[in-house]
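Below is one structure, written out as structure tokens; the observations come after it.
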Amino acid sequence: MRRRISGLAVAVLTALSLSTAACAADARVHRLAIQVDQNDPAVMNLALNNATNVIQYYRDKGEEVEVDLVTYGPGLNMLRADTSPVKERIKHLKDLAFPGKIQFSACGNTKKGMEKKEGHAISIVPEATVVPSGVVRLMTLQEQGWSYVRP
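Using my numbering, the first residue of the sequence shown is number 59, and each one after it goes up by one.
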């Protein structure tokens with residue numbers, strides 16, 4: 059024996075599926091890649107301000123967010139243990155303010171170039187991860203749907 063689905067049942071099922079889709083869209087993670095390619099404390103602080111403001115905005119809305127500050131070229135100085143003018147702020151953001159929400163990517167190509175030029179190993183702050191290439195990291199993140207900002 060076959061049963062017919064009433065118009066009301068179809069409407070209820072449609073509403074439920076739309077509601078589920080809306081909830082899934084609301085649950086998506088916002089992702090932002092921020093480029094730092096200048097050895098300028100003002101640019102570094104602006105990038106950190108951008109990251110802080112974005113994370114706090116979505117935190118206040120109860121939404122998930124991830125931010126990756128990607129450094130390369132002269133901007134790698136932001137993540138160098140010996141030259142970073144913002145290393146205490148990086149530590150605070152990564153360890154205390156926004157654990158699990160913010161990451162710092164240091165360009166391996168730039169690091170190798172600086173080491174060769176300076177003739178010694180360069181230490182990166184412990185809150186950062188060395189990636190093979192900063193530019194490739196930015197490209198990969200954008201190809202994965204991350205938003206992009208250059209302060």
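Glycine included, each C-beta is placed from N, C-alpha and C at the ideal position. Here the structure is a predicted model, which means the values were calculated and not measured.
What does the Cβ neighbour count give for residue 141, buried or exposed, with the cut at 16 atoms within 10 Å?
exposed
First through last residue of the alpha helix (DSSP H) which encompasses residue 86:
Premise fails: residue 86 is in no alpha helix (DSSP H) and is neither H nor E.
Using 8 Å for Cβ pairs, my map puts residue 209 next to residue 105. What's the rounded Cβ distance?
5 Å
Count the other CB atoms, across all protein chains shown, that sit within 10 Å of the CB of residue 170; report buried if there are 16 or more and exposed otherwise.
exposed
By the 10 Å Cβ neighbour count, where 16 or more other Cβ atoms means buried, how is residue 176 classified, buried or exposed?
exposed
Write down the C-beta distance between residue 89 and residue 205 rounded to the nearest angstrom, noting that I regard them as a contact closer than 8 Å.
7 Å
With residue 17 as the anchor, note down where its beta strand (DSSP E) starts and where it stops.
Lying before the first or after the last residue shown, residue 17 is absent from the chain, which here runs from 59 to 209.
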